[in-house]
Structure formats: structure tokens, C-alpha cells
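Have a look at the structure below before the remarks.
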Amino acid sequence: SSWLYAAMLLANDAIGAGLLHFPKAFRDAGGVMISVVVQMVLMVFIVLAFFILVYGSDVNNSATYQDTIHAVCGKGAWVACSGCIFLYCFGLSLTLLIIIGDQWQQFFQFLECVRCHEEQGPLYTRRWFTITVSSVLCILPLIFPRRIDFLKYASVIGVFSSICVVGLITAQYFLPEQWTEIFRVVPDICFSYQCHIAAVPIYSCMEKRNMVEYCKTIGLCMSVCVFIYTVTATLGYLTFGDRVTSDILLSYRPDVVVLIAVIFTAVKSYTTYPIFLFCGRTALDSLWFSLRGSTSESETEFQERLRRVSVSSLWFFITLLLAVFIPDLGVVIQMLGSLAAVFIFVFPGMCLLRMAEGQGCWTLRTYVIVSMSVVFISLGAFMFGLTLTQSLVTSF
1028 SSWLYAAMLL ANDAIGAGLL HFPKAFRDAG GVMISVVVQM VLMVFIVLAF
1078 FILVYGSDVN NSATYQDTIH AVCGKGAWVA CSGCIFLYCF GLSLTLLIII
1128 GDQWQQFFQF LECVRCHEEQ GPLYTRRWFT ITVSSVLCIL PLIFPRRIDF
1178 LKYASVIGVF SSICVVGLIT AQYFLPEQWT EIFRVVPDIC FSYQCHIAAV
1228 PIYSCMEKRN MVEYCKTIGL CMSVCVFIYT VTATLGYLTF GDRVTSDILL
1278 SYRPDVVVLI AVIFTAVKSY TTYPIFLFCG RTALDSLWFS LRGSTSESET
1328 EFQERLRRVS VSSLWFFITL LLAVFIPDLG VVIQMLGSLA AVFIFVFPGM
1378 CLLRMAEGQG CWTLRTYVIV SMSVVFISLG AFMFGLTLTQ SLVTSF
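Using the working numbering, you'd call the opening residue of the sequence shown number 1028 and step up by one each time.
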């Protein structure tokens, strides 16, 4: 066989019943990090053992493991080695048949053929029947050849099956039970990345107001956000799993490191709050002048200062009061996240549509822009409706 098929054979032998037990082994060992470290240390010895055995076989021209031991270590070691190999392989064969029975049971339970005790179900759903028939059909024809390389093609299928198992386990880890649950993360993403409201005021204050400079601003901003959010979300989730709270820092036991993180988070919140207050106040100013039918130029300096101080004070104390009675960040983020989808998708889509309409003649470029605007608006409306509904159902 070629080196590729030899690798498939070796891999198919290695990837067996242990694959299904590996996750529990990681848990029992104390987690992913310690398990990976132990695995890497053991891997050094595993690889070295391969080279040692292959070297001994090559020097003594032996064809099996026990023959190599016989040639190198003598008859006593050979007898003991042969006995151990027999017991080990017998136990593995028994284990694999048990696994076959388990998988068939799971299959029939999935089909809802087994509703009560398995002996009360149809004959073909009983454990002894499935193990016997499937083993006779699938295993028996493969056990008689003299050379192991006869199994090279079957081993390719075996390795591919193991890869599929890993893929399914990975999918089950990342995907929720229902596909609609995926959208529960949408409010958090929209809420976290929604800086569009402040984008225009910030741009208006830039020294060099051009798209080249602004592209640099957006590029750096998004790079920092992606890095911070991704690292925090990934490691936080891997650390606590289902026990993670809506405020990740509350999940940790208090210590010096966590205290420092809490302080920096507080400082960050202090410096960010005024930005949102400013944007909100300018929006409220627009509503105020619209209702009065006036403009900011018609106000005196004293009136403008009084209005600004009053609005800012009311804003602060009302939000402070609500924060006292709504301690769960998850509820707030779910609500705001659904609205943030509007700022990110719906309003920009509407602007895009209006710009296309203002071009006058309809060209291919116009149709492309209109199509993009429709996608923006539709996606934003869908996310807003779905995430708002989910947040309301979860909250109440």
C-alpha cells in the first residue's frame, strides 16, 4: 500500500471507541487546557514509540508487534505480549459491538419505533437482532483475508466516518436546538457594533473630512471591536458554558485580576456614557424644535443652556433609576439590540433607496443600488421583528 493508504489504516485503527469517550475524558481531566497539555506531552512518547517499534521491526525483519518483541526481548516477553494483545483486542472487539448496538438503538428511537421497552418493539428494533444481523453483513466478510492491507479501502470509509462524527459533534456544540435560536445572538451583535448614530457627529468633527481618512477610522474601529468582542465572547463562553451570566465579570470569583477588569470596565462605561447622552440629546432637540416649529437659532444663549442642562439632568437621573430596578443586562440588550438592527440596516437601506431614486435615469448601477437597499431594509425588518419577539417572550 502507498503511504496514504497506510496512514488511513493506522488512523482507522487509532480512531475507535475512544473517540466517543474523549469528551468525557477532557471533562474528567479538568477542562480543555489541561487536557491539551497532557495530550501534547503524551504525544511525544506516542510518536517516539512508533519509531522504536518500526526500527526494531526493520532490523529483525519481523512482521508483527509480538514478533518484534520476541526478536528484541526474548521468548518470555513474547508470550506475555501475545497474551496481552489477545485480551486487549478481544475487549476492543466487544466494545465495538456494544457501540454498534447503541447506535442502532439511537437510530430506532429517532424514528420513534421504540416507544416502550426494547423487547416490546418489533423484532428488527431489538438489540440482539441489530447487532447480529448488521455484524454478519458488514463485519464478517472483512475478517478472513490474510493481509491487513485488504482493509485499506474500508479504512478510508472508517476514517471518513470518524471525521463526520467530529463534524456532527462540532455542529452540535455551536448550533442550538432550534435554528431560530441562532438569532438570539443578533441583538447582542447589533447592540455591540452599533456606533452608527455617533458616526456622523464624529465625522463632522474630523479635521480632514474625506472618505480616505474616514475609511481609516472605520477600519481601525472595527478591527478593535472584532478583536475585543471575539476574544471575550469565546473565552468567556468556554470558561463558563451554560453558567455564564449576562455580565461576564459577575461569573468570576472575585480576585485581584477580576477587580482590575471591573475597574477598567467601569472607567470605559464612564467615558462612553456621555457620547450616547450627546447623541440622544441632539435627537431630542430635533424633536423639540420640530414640535415648536422653530430652530436653534431662535433661542437665546440662556435658553439653550437651560434646555441642555435640564435635558441632560433628566436623562441621567431617569437612566440611573431604571438601572437600579433593571439589574439584568440581558433584558436591556435584547430590547436595544432589536432596535439597533434598525439603525444598522433599515435606515441605511432607506437612505440607499432614496439616493438611487435621486439619480433620475435608471441604469444598471441604479438597479443594483435599489436591490441592495431592499436587502438592507428587509433584513433589518426581519431581525427587528424576530429579535424583539424573542426578547419579549424570554422576558415575560
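Note that beta-carbon positions come from the ideal geometry of N, C-alpha and C, so glycine has one too.
Every value quoted in this text rests on a predicted model; they were computed, and no experiment measured them.
Around the Cβ of residue i, are there at least 16 other Cβ atoms within 10 angstroms (buried) or fewer (exposed)?
i       : result
GLU1146 : Unreliable placement is indicated for GLU1146, whose pLDDT of 49 sits below 50; the coordinate value is still reported in the next sentence. Exposed: under 16 other Cβ atoms inside 10 Å.
MET1410 : buried
PHE1267 : exposed
VAL1369 : buried
ALA1501 : The chain is shown only over 1028 to 1423; residue 1501 falls outside these bounds and no answer can be derived.
LEU1400 : Sequence inspection shows Ser at residue 1400; the Leu mentioned does not correspond to that position. Looking at its Cβ environment, which holds 16 or more other Cβ atoms inside 10 Å, SER1400 is buried.
THR1157 : buried
ILE1371 : buried
ALA1107 : exposed
CYS1143 : Residue placement at CYS1143 is poorly supported in this model, since its pLDDT is 46, which falls under 50; the coordinates are not used for a value here.
THR1095 : buried
GLY1376 : buried
PHE1329 : exposed
GLN1093 : buried
THR1327 : exposed
PHE1403 : buried
THR1414 : buried
THR1152 : buried
LEU1391 : exposed
ALA1383 : buried
ILE1196 : Residue confidence is low: ILE1196 scores 48 on pLDDT, short of 50, so the model does not pin down where it sits. No coordinate-derived value is stated.
With DSSP as the reference, label residue i as helix, strand or coil.
i       : result
GLN1093 : helix
CYS1100 : helix
TRP990  : Residue 990 cannot be examined here, being either before or after the span of the chain that is shown, 1028 to 1423.
TYR1243 : According to the sequence displayed, residue 1243 carries Lys and not Tyr. Of the three classes helix, strand and coil, the one that applies to LYS1243 here is helix, per DSSP.
PRO1149 : coil
ASN1237 : coil
GLU1324 : helix
ASN1088 : coil
CYS1108 : helix
CYS1232 : coil
ARG1332 : helix
ARG1280 : coil
CYS1143 : Annotation note: pLDDT 46 at CYS1143 (below 50); position unreliable, coordinate value reported separately. Three-state result, CYS1143: coil.
With respect to the alpha helix (DSSP H) encompassing residue i, which residues constitute its N-terminal and C-terminal limits?
i       : result
TRP1155 : 1154 to 1165
PHE1374 : 1374 to 1384
Out of the options, which one is the CA nearest neighbour of residue i?
i       : options                            : result
SER1162 : PHE1135, TRP1131, LEU1150          : TRP1131
ARG1424 : PHE1134, CYS1165, LEU1167          : Coverage of the chain is limited to positions 1028 through 1423, which leaves residue 1424 absent and any answer about it impossible.
TYR1300 : SER1317, ASN1237, SER1339          : SER1339
LEU1304 : LEU1318, SER1337, LEU1413, GLU1324 : SER1337
PHE1343 : THR1091, GLY1307, ASP1312, PHE1316 : GLY1307
ALA1408 : VAL1373, ARG1381, GLY1385          : VAL1373
SER1379 : SER1398, CYS1388, GLY1387          : It should be noted that the sequence gives Leu, not Ser, for residue 1379. Among SER1398, CYS1388, GLY1387, the Cα nearest to that of LEU1379 belongs to SER1398.
LEU1333 : ARG1319, ARG1280, ASP1312          : ASP1312
GLY1128 : GLY1110, VAL1251, THR1159, ILE1112 : THR1159
CYS1100 : GLY1083, CYS1111, ASN1088          : GLY1083
Can you find a C-beta in chain D that's less than 9 angstroms from the C-beta of residue i?
i       : result
ASP1312 : The chain labelled as chain D is not found in the depicted structure, where only one protein chain is given.
Quick check: is any heavy atom of the ligand GDP less than 8 angstroms from the C-beta of residue i?
i       : result
VAL1402 : This structure does not include the ligand GDP; it has no bound ligands of any sort.
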